[in-house]
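Residue numbers (mature numbering (1 follows the signal peptide of the UniProt record, and there is no 0)): -21 to -1, 1 to 680.
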């Protein structure tokens, strides 16, 4: 294919050379004028002439930007009856803007003289011709140009295409055209709180802003257009419906509710109610980077949350079965990850460079193919590069020239040699495009009018017998280098791990509230802006740390000590839950001085359950070998044994009071018993003395 394109360019140059020699400017004055005389083609009607006698009207303007008046200026319409043979020749013609002639036998059909053109002045020109006059004899795409000369020296020219479709032409295959339009932004918040890292969304919602333009396109687009929507954008706009804050250097700035956010959501919800909507994974994560750097689980979460949010905020019928990877490229690892992420993704939308035909072909291949993944076949949908580019042209390209090129490209595809049955074509402009609503609307409308095209939803594109073999996923070193790096993602991975713990201890097993926040950190939007992304990562990390610290082991005082009364007993350890929801966790207690203190505690299957904003206590049995201080390490854990928060060291003070108390009690009992015995003996002695005295008295009487 490359060799043929080079040959076509060389052939085109050979055809152009004679005319270039005759008309190319060769004076300093002409070179200066080249940059200051401008010609514009503003209208060609009809856009596709169908009859040999149709009157084709060409009109436009010529403007003098030299700063000085010009005389003897001539505008000419130039044409050739030699049509293009294929799309490669068309591309070569369009790219060779340094020559102002056309391939083949070129003739000026008419010319218009401008005797005087004041500095800064502009004048209109107009030419008419019929296909017969232009020498057109059959269906095809023909080159047309309008040039401007001063004193018969060519100064500048404007090139375009004219497609001729006479009724006598054999019926052309009606190719299916699917248009996929992205509504994807970058994350504007760190956590789910109403605190934004910038206020760019407000600007984008204003008249002429990017989001406002997308809403305008959605209002008039046919229901066959497929929309790829980032749910994180919907989430941010939904948050802006209420009062919010924006991060500043000195803190935050309060902002009132933004009515334009609610209006935008309402407009999109109404406009896309009957259109196919694809939920992009939440925050448009860099799936390839996640697959390569050990963050596999985030992709499944992004798909699940993305579909849920898009259905809630935009379209209940939104799906997540088609994935459009960043830049339209992925490798086998990323494909496998997508295929096993919740069993949802079974189609991928790719750039043509990611899945080239093998062997190369000289015609436009069908857009659908099949890839093998670890989870079975996946349908690959390949966007046409040139058609997609026309939806977002350079600022210097007019709507007219873009639409004429679009008509020409699709007509050339329909007439390519060997095509006997309809093929599939896909348009997919870059995901963070800044669309021109007038252009996009014009292209969609004209696509719906062309007899060789049939607009269809993306979901209807499937591999058929006309699908060509492809080389497999082609993922270059440049593609790999464009991913989010390990240096950036390692801190993100750490935040993700800690954020997950906050959900594992909740009794309801609800999401942590940080799932969306972590996904924002993985967004492919940060590929070219990791400096801002690192600041966002810091904000999320701080929020996760603060949440983790709301569940803590409480201390008995500044020295965090506990007392063991005696050589053995129980020590209470309390956990405070400052969250508003119940939690369920386990406590691991280990002695740091086993020779001095033994901990006889192992929490069984039943966890410690603590209500919202309450405390819970466990009684931990311990044995002390001697009096004194020892330390234990207390670690909170999740049900699967992962540490929650930092381990805490507590001092256990053993007093020996229990043994001393026994001695004292024993001694006291001995004394008391001795006293009782003495009293009993004394009383017995007294009674004996009394009886003896009584006996003596009786004897004396």
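Positions of the beta carbon are idealized from the N, C-alpha and C atoms, including for glycine.
Best match in the options for proximity to residue i [C-alpha to C-alpha]
i	options	result
residue 344	396, 438, 288	396
residue 583	591, 593, 573, 597	597
residue 207	280, 286, 172	286
residue 368	205, 159, 55, 435	159
residue 624	531, 362, 173	531
residue 219	200, 194, 183	183
residue 314	403, 291, 279, 295	279
residue 319	43, 411, 277, 231	277
residue 51	64, 291, 131, 172	131
residue 553	545, 564, 559	564
residue 619	411, 91, 516, 479	479
residue 125	543, 104, 114, 119	104
residue 693	415, 631, 439	Because the chain is modelled from -21 through 680, residue 693 falls outside the range shown and cannot be assessed.
residue 328	443, 445, 404	404
residue 28	120, 519, 293	120
residue 122	203, 70, 613	70
Test item: CB-CB of residue i and residue j under 9 Å
i	j	result
residue 349	residue 340	no
residue 175	residue 214	no
residue 108	residue 163	no
residue 370	residue 432	no
residue 237	residue 223	yes
residue 325	residue 300	yes
residue 177	residue 226	yes
residue 57	residue 127	no
residue 561	residue 588	yes
residue 151	residue 430	yes
residue 173	residue 221	yes
residue 409	residue 161	yes
residue 406	residue 142	no
residue 592	residue 559	yes
residue 612	residue 626	yes
DSSP three-state assignment for residue i, whether helix, strand or coil
i	result
residue 217	helix
residue 514	helix
residue 393	helix
residue 385	helix
residue 288	helix
residue 11	Since pLDDT at residue 11 reaches only 43, below the 50 mark, its modelled position is unreliable, and the value read off the structure follows with that caveat. In this structure, residue 11 counts as helix in the three-state DSSP scheme.
residue 540	strand
residue 682	In the structure as shown, the chain begins at -21 and stops at 680. Residue 682 is therefore absent and cannot be evaluated.
residue 480	helix
residue 494	helix
residue 473	helix
residue 203	coil
residue 438	helix
residue 72	helix
residue -16	Residue confidence for residue -16 is low, a pLDDT of 39 falling below 50, so the modelled location carries little weight and cannot support an answer.
residue 524	helix
residue 104	strand
residue 21	strand
residue 461	coil
residue 318	helix
8 Å contact criterion, which residue i and residue j should meet: CB distance rounded
i	j	result
residue 463	residue 261	Their Cβ separation, rounded to whole angstroms, is 16 Å, which puts residue 463 and residue 261 out of contact at 8 Å.
residue 419	residue 196	5 Å
residue 634	residue 608	So it is not a contact: roughly 11 Å between Cβ atoms.
residue 154	residue 306	Actually they are not in contact, since the Cβ atoms of residue 154 and residue 306 sit about 26 Å apart, beyond 8 Å.
residue 270	residue 316	4 Å
residue 533	residue 555	5 Å
residue 134	residue 251	Not quite, the Cβ-Cβ distance comes to about 48 Å (not below 8 Å), so this is no contact.
residue 361	residue 331	5 Å
residue 540	residue 629	7 Å
residue 468	residue 180	Not confirmed; about 26 Å, so no contact.
Buried versus exposed, by CB contacts within 10 Å (16 or more), residue i
i	result
residue 10	Low per-residue confidence applies at residue 10: pLDDT is 46, beneath 50, and the placement is therefore not dependable enough to give any value.
residue 514	exposed
residue 116	exposed
residue 388	buried
residue 48	exposed
residue 1	Residue placement at residue 1 cannot be trusted, given a pLDDT of 35 that sits under 50; what the coordinates show is reported in the next sentence. Classification of residue 1: exposed, given that the 10 Å Cβ count is below 16.
residue 502	buried
residue 581	exposed
residue 383	buried
residue 101	exposed
residue 185	exposed
residue 166	buried
residue 62	buried
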